[in-house]
Amino acid sequence: MRLVLDTNIFISGIFFSGPPYEILNAWRHRKVELVISPDILDEYRRVGERLAKLYPGVDLEPFLELLAIKARIVSAPPLDEPVCSDPDDDKFIACALASRTKLICSGDKALLKATGYRGITILRPKDFIDAYLKEKR
């Protein structure tokens with residue numbers, strides 16, 4: 000199953016435990032396929048590098064290298080019109096549309112409000128795990 004991860008979920012999965020970590024672990028074990036765009040990868044790197052300064056024991060680079068190898072990277076043109084109240088979140092919807100991915104995982108309220116847009120479901124990490132990974136663990 001293909002999945003787009005909001006930056007907060009990807010970065011939380013690297014730096015902390017809990018549901019975001021479980022989702023990244025499922026990806027590492029090929030239970031889900033992550034889909035990203037160059038814009039999303041840039042944001043992952045930018046936010047991750049900022050957080051890495053606060054947690055110097057965490058090495059972000061192996062995760063970014065793994066993305067380059069194991070994630071599906073798609074070209075995602077910007078949306079014709081804004082969908083989210085925070086236009087910066089539209090890149091996740093654009094990526095899902097460009098890749099025909101029906102699931103986005105996010106904790107971002109502005110992005111969660113866009114669930115259902117053009118058939119895309121946006122779930123919180125715990126809800127995603129309960130719906131799609133619980134039996135596979």
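Its first residue numbered 0, the sequence shown is counted upward by one per residue in numbering that gives the first Met the number 0.
Positions of the beta carbon are idealized from the N, C-alpha and C atoms, including for glycine.
Which listed residue (CYS104, GLY115 and THR114) has its alpha carbon closest to that of ASP126: CYS104
Through-space distance from TYR116 to LEU66, alpha-carbon basis: 26 Å
Separation of ASP88 from LEU110, as counted between CA atoms: 6 Å
With 16 other Cβ atoms within 10 Å as the buried cut-off, status of PRO55: exposed
For LEU110, the first and last residue of its enclosing alpha helix (DSSP H): 108-111
Own chain partners of VAL31 with C-beta closer than 8 Å, once the 5 adjacent residues on each side are dropped: MET0, ARG1, LEU2, ILE22, ALA25, TYR131 and LEU132
Rounded C-alpha distance that separates ASN7 from ASP79: 25 Å
Anticipated Cβ contact below 8 Å, ILE13 with PHE62, distance rounded: 5 Å
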